[in-house]
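Sequential numbering from 5 applies to the sequence shown in my numbering. For every residue, glycine included, the Cβ atom is placed at its ideal position computed from N, Cα and C.
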Amino acid sequence: MTRAILILGAALRADGRPGPALIRRARHGAALWQRAPAALVVASGAAGEAEAIAAICRAAGVPEARIVLEREARNTAQNIAFSAPLLAAHGVTGVTLVTDYYHLPRARLLARRAGLAVAPAAPRHGVGRPLRHLWTLLREAAAYLAALLGLSGRRRP
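Spelled out as structure tokens, the structure:
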């Protein structure tokens, strides 16, 4: 079974630079690759996110030939839906899923529904601003419920 490290994107800053979540995820994915250099690294995210992840991974020693870009996903459901065919094309059936800990339950649920065997891998980080962190946890709880009910990734008309 071929394995891959699937790194989910996060928004870039207004000036186009990677934000802390994207940097954290990309560095963690690159560190995981160092322990499993036969794995592919799939960088997923639109609006420059995939390219930013790839640049961070290359700077950490991941060869260009081991990186696959998924450049269209604008949300978690799309990260998984658009990455799954790329993974299948490379014979990948299992992924190490890299995203922040609060995001992992929903991303893992969606990946399993897409037929992927998932090993979760969240980078370590502090809470930062407590109120913002609480908001993030509440938002993710609601998003997880939506995913569980099959409403994830839908847009209002």
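- Across the structure, Pro124 and Leu108 are spaced so that their CA atoms are roughly 7 Å apart.
- Fewer than three pairs of CB atoms, one per stretch, sit closer than 8 Å, so the segment 22–34 makes no contact with the segment 85–92.
- For the pair Arg110 and Thr80, the CB atoms are nearer than the 8 Å cut-off.
- Shown here, Thr103 sits in coil according to DSSP, grouped into three states, outside any helix or strand.
- By DSSP's assignment, Pro124 forms a beta bridge with Leu101.
- Taking each of Trp37, Ala43, Glu76 and Leu113 in turn and checking the Cα distance to Ile60, the smallest one comes out for Trp37.
- The C-beta distance from Ala63 to Ile11 rounds to 14 Å, too long to meet the 8 Å contact threshold.
- In the structure shown, Pro22 adopts extended strand secondary structure according to DSSP, grouped into three states.
- In this structure, Val102 sits away from Gly49, with a CB-CB distance that is not shorter than 8 Å.
- Under the 10 Å beta carbon count, Gly13 is surrounded by 16 or more other beta carbons and is classified as buried.
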